[in-house]
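Chemist: This is the structure, below, for whatever I ask next.
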Amino acid sequence: MATKKSLTVEEVLKEKKTHDLDSVKELNLGHRALTDVSCLSKFKNLEKLDLRFNNLTDLQGLKSCLNLKWLSVVENKLQSLSGIEGLTKLTVLNAGKNKLKSMNEISSLVNLCALILNDNEISSLCKLDLLKDLNSLVLSRNPISEIGDSLSKLKKLTKVSLSECRIKAIGSSLKSCSDLKELRLAHNEIKALPAELALNKRLLNLDVGNNMITSLSGLEVLGTLSCLRNLNIRGNPISDNEKSAKKVRKLLPPSVNVFNAKPLDKNSRNAKHVRFDTEDVTFDSRHSKSAEEEEEEESKVDRKSKKSSKRNKSEEEEEEADNEGSKSKKKKKSKSNPDIDQIQEEDRQKRSLGNMDDDATEKKQKKATTSPKKLIDAIDDAETSLAEVFSREDVSKDSGDGVEKKNKRSSVQETGVVRVVDTQGNKKKKKTGNKQSKSAVVELPGEVEIGLGGESKWE
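Just so we're aligned, residue 820 is where the sequence shown starts under our numbering, counting upward by one.
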């Protein structure tokens, strides 16, 4: 039999370094093997009390702590919560990992916001109608078989955990919990998710792993949960094979980004909505072209680019021939008198440079201004790619060394919708014209703390 260990007022005052009982508002008395804390009834202004990891069997000694707001009695030997019924200012109560068989004493704690009673022996839920402010309820690992209407008035509930219980059905037990964001029901005996779950429109995280869901019809309601981000159905017959899992993925709303504890590959959800991400563009597969169409389009672009390059080469040869001819004429004329001819030659060079600049400018203007009729014909012609239309503007931007620049850009052809870049032989990348890629960054919530230190993790 365990030895009894009682707490004394003197020990508390010594620890707090005070002689004034009313000044003590917070106490941490965990890990002391205490069996009796009745002396705490004298600390009238106590608001926060931590009694974790002791050997308490009841809480009768806390009856007079009427200002208590925060209480943790995790891992004691409590068989009942008798003694706390009058602590109506309590907002947080953690009595997990005890031997509680009932939770009836909770029903009068009207200001309770967080209630954690996991790992006990509670077999049924009591009426919680008066707990209007309750937002977090943890009852995992208790032999609870049904939820019933115990939660029907709790409109502020955001987190509910009933994992590893004996629940067979959810029914309409959560239909009034319009703010519910996290629901954990793993390791139960649930065969289907009820249609009423659609009323929980703000649900973000749902864990129904290791239940008895066998058919897709038992998960149809998932498609209505437009805010759902994280879903776990592992351990159910419906998720035993990849074929069934694919059907479930198609059923999910677009908001889901984690499925069965893995980031969801949205490409595998529905072929009609597959998205391809490239360096700077995202486009829908419904508008993508087949490989044959792409090859045909590329060949057209290549043929037209070859024609334009031939035209460019012929123009370049003509210009070179004119330059050589003018040089030979100048040489013939300069033989008459070396001194005079040299002066004349310098004058001619200056004049020719000015004329060449004028000619180049004139050529640029001619090339830049494509006649409206030709432009319209090119656009209306189904055989003409947009690359050829837009390349006419590129020609107008070339200077004297324009041919050299064209050769440098010869590996890039524009089609208007798809940009084909050939940087190394046959290696090609696809890009669209002016769109930019958009990537959604999803942040997923981890374990939720409920203000109870290391033992307060959301389970």
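Even for Gly, the Cβ is constructed at its ideal location relative to N, Cα and C.
Here's the rule: buried if 16 or more other CB atoms are within 10 angstroms of the residue's CB, otherwise exposed. What is residue 839?
Modeler: Label assigned to residue 839: exposed.
Chemist: Identify whether residue 1052 lies in helix, strand or coil by the three-state DSSP scheme.
Modeler: In this structure, residue 1052 counts as coil in the three-state DSSP scheme.
Chemist: If you measure between the beta carbons of residue 1004 and residue 1026, is that distance less than 8 angstroms?
Modeler: Result yes, Cβ atoms of residue 1004 and residue 1026 sit closer than 8 angstroms.
Chemist: In chain order, what are the residue ranges of uninterrupted beta strand (DSSP E) at least 3 long that sit wholly in the segment 951–1035?
Modeler: Counting only runs of 3 or more, we get 955–957, 978–980, 1001–1003 and 1024–1026.
Chemist: Using C-beta distances below 6 angstroms, list every residue in its chain close to residue 942, excluding the 5 sequence neighbours before and after it, in chain order.
Modeler: Cβ within range, chain order: 962.
Chemist: In the DSSP assignment, the alpha helix (DSSP H) including residue 834 goes from what residue to what residue?
Modeler: Unbroken alpha helix (DSSP H) run through residue 834: 828–835.
Chemist: Counting along the chain, where does the beta strand (DSSP E) carrying residue 933 start and finish?
Modeler: Residues 933–935.
Chemist: Distance check for residue 829 and residue 909, CA to CA, integer angstroms please.
Modeler: Whole-angstrom Cα-Cα distance: 26 angstroms.
Chemist: Given residue 1113, which residues of its chain have a CB within under 6 angstroms of its CB, disregarding the five upstream and five downstream residues?
Modeler: Its pLDDT being 48, under 50, residue 1113 is placed unreliably in this model, and the coordinates cannot settle the point.
Chemist: Please report the straight-line C-alpha distance between residue 1012 and residue 918, rounded to a whole angstrom.
Modeler: So the alpha carbons of these two residues sit roughly 31 angstroms apart.
Chemist: Starting from the C-beta of residue 975, find all residues in its chain whose C-beta is less than 8 angstroms away, skip the five residues before and the five after it, and write them out in chain order.
Modeler: Within the same chain, residue 975 has close Cβ partners 951, 952, 953, 954 and 998.
Chemist: What did DSSP end up calling residue 913 once you bin it into helix, strand or coil?
Modeler: Strand, per DSSP.
Chemist: Let me know if residue 1006 comes out buried or exposed under the rule of 16 or more other beta-carbons within 10 Å of its beta-carbon.
Modeler: The residue in question, residue 1006, is buried, as its Cβ has 16 or more Cβ neighbours within 10 Å.
Chemist: Would you list the residues sitting across from residue 825 in a DSSP beta bridge?
Modeler: 855, per the DSSP bridge assignment.
Chemist: Does the separation of the CB atoms of residue 866 and residue 847 fall below 8 angstroms?
Modeler: In this structure, residue 847 does not lie closer than 8 angstroms to residue 866 by Cβ.
Chemist: Excluding the five sequence neighbours on either side, which residues of its own chain have a C-beta within less than 8 angstroms of the C-beta of residue 836, listed in chain order?
Modeler: Closer than 8 angstroms at Cβ, skipping near neighbours: no residue.
Chemist: Using CA atoms only, rank isn't needed, just tell me which of 1028, 1044, 945 and 987 is closest to residue 1279.
Modeler: There is simply no residue 1279 to check, as the chain begins at 820 and stops at 1278 in what is shown.
Chemist: DSSP three-state call for residue 1039: helix, strand or coil?
Modeler: The answer is helix: DSSP assigns residue 1039 an H, G or I state.
Chemist: Just how far apart, CA to CA, sit residue 823 and residue 853?
Modeler: Approximately 7 angstroms between the Cα atoms of the pair.
Chemist: So, using beta-carbon positions, are residue 973 and residue 957 closer together than 8 angstroms?
Modeler: No.
Chemist: Considering only the alpha carbon of each residue, which of 890, 862, 900 and 863 lies closest to residue 879?
Modeler: Considering only alpha carbons, the answer is 900.
Chemist: Let me check one thing: in DSSP terms, what residues is residue 904 bridge-paired to?
Modeler: Partner(s): none; residue 904 has no beta bridge.
Chemist: Measure the CB-CB distance between residue 872 and residue 849 and report whether it falls below 8 angstroms.
Modeler: Going by C-beta atoms, residue 872 is nearer than 8 angstroms to residue 849.
Chemist: If distances are taken between C-alpha atoms only, which option among 1056, 946, 933 and 925 comes closest to residue 1010?
Modeler: Answer by Cα proximity: 1056.
Chemist: Are the CB atoms of residue 890 and residue 859 nearer to each other than 8 angstroms?
Modeler: No, the pair does not count as a contact, with Cβ atoms beyond the cut-off.
Chemist: Go ahead and pull the three-state DSSP assignment for residue 868.
Modeler: Reduced to three states, the DSSP call for residue 868 is strand.
Chemist: Taking the continuous alpha helix (DSSP H) assigned at residue 894, which residues delimit it?
Modeler: Unbroken run through residue 894: none, as it is neither H nor E.
Chemist: Mind checking whether residue 1343 and residue 1023 have CB atoms under 8 angstroms apart?
Modeler: Because the chain here runs from 820 to 1278, residue 1343 falls outside it and cannot be looked at.
Chemist: With a CB to CB cut of under 6 angstroms and the five nearest residues on each side skipped, what residues in its chain are close to residue 841?
Modeler: So the list reads 864, once near-sequence residues are dropped.
Chemist: Would you kindly work out how many angstroms separate the C-alpha atoms of residue 922 and residue 928, rounded to a whole number?
Modeler: Rounded to the nearest angstrom, the two C-alpha atoms are 11 angstroms apart.
Chemist: What's the gap between the Cα of residue 931 and the Cα of residue 857?
Modeler: One C-alpha to the other measures close to 23 angstroms.
Chemist: Out of 984, 1000 and 916, point me to the one whose CA is closest to residue 1019's CA.
Modeler: Closest by alpha carbon: 1000.
Chemist: Residue 883 to residue 993, Cα distance in whole Å?
Modeler: Roughly 35 angstroms separates the two Cα atoms.
Chemist: Less than 6 angstroms between C-beta atoms, sequence neighbours within five positions excluded: which residues of the same chain meet that for residue 1040?
Modeler: Here the set comprises 1012, 1014, 1016 and 1017.
Chemist: I'd like the list of long-range same chain contacts for residue 1195, defined as Cβ closer than 7 angstroms, with 5 residues on each side in sequence excluded.
Modeler: Model confidence at residue 1195 stands at a pLDDT of 36, short of 50, so the residue's coordinates are unreliable; what they give is reported in the following sentence. Here the set comprises nothing.
Chemist: Sorted by chain position, which residues of the same chain lie with C-beta nearer than 8 angstroms to residue 920's C-beta, five sequence neighbours on each side aside?
Modeler: Once the five neighbours on either side are set aside, the close Cβ partners of residue 920 are 898, 899, 939, 940, 941 and 942.
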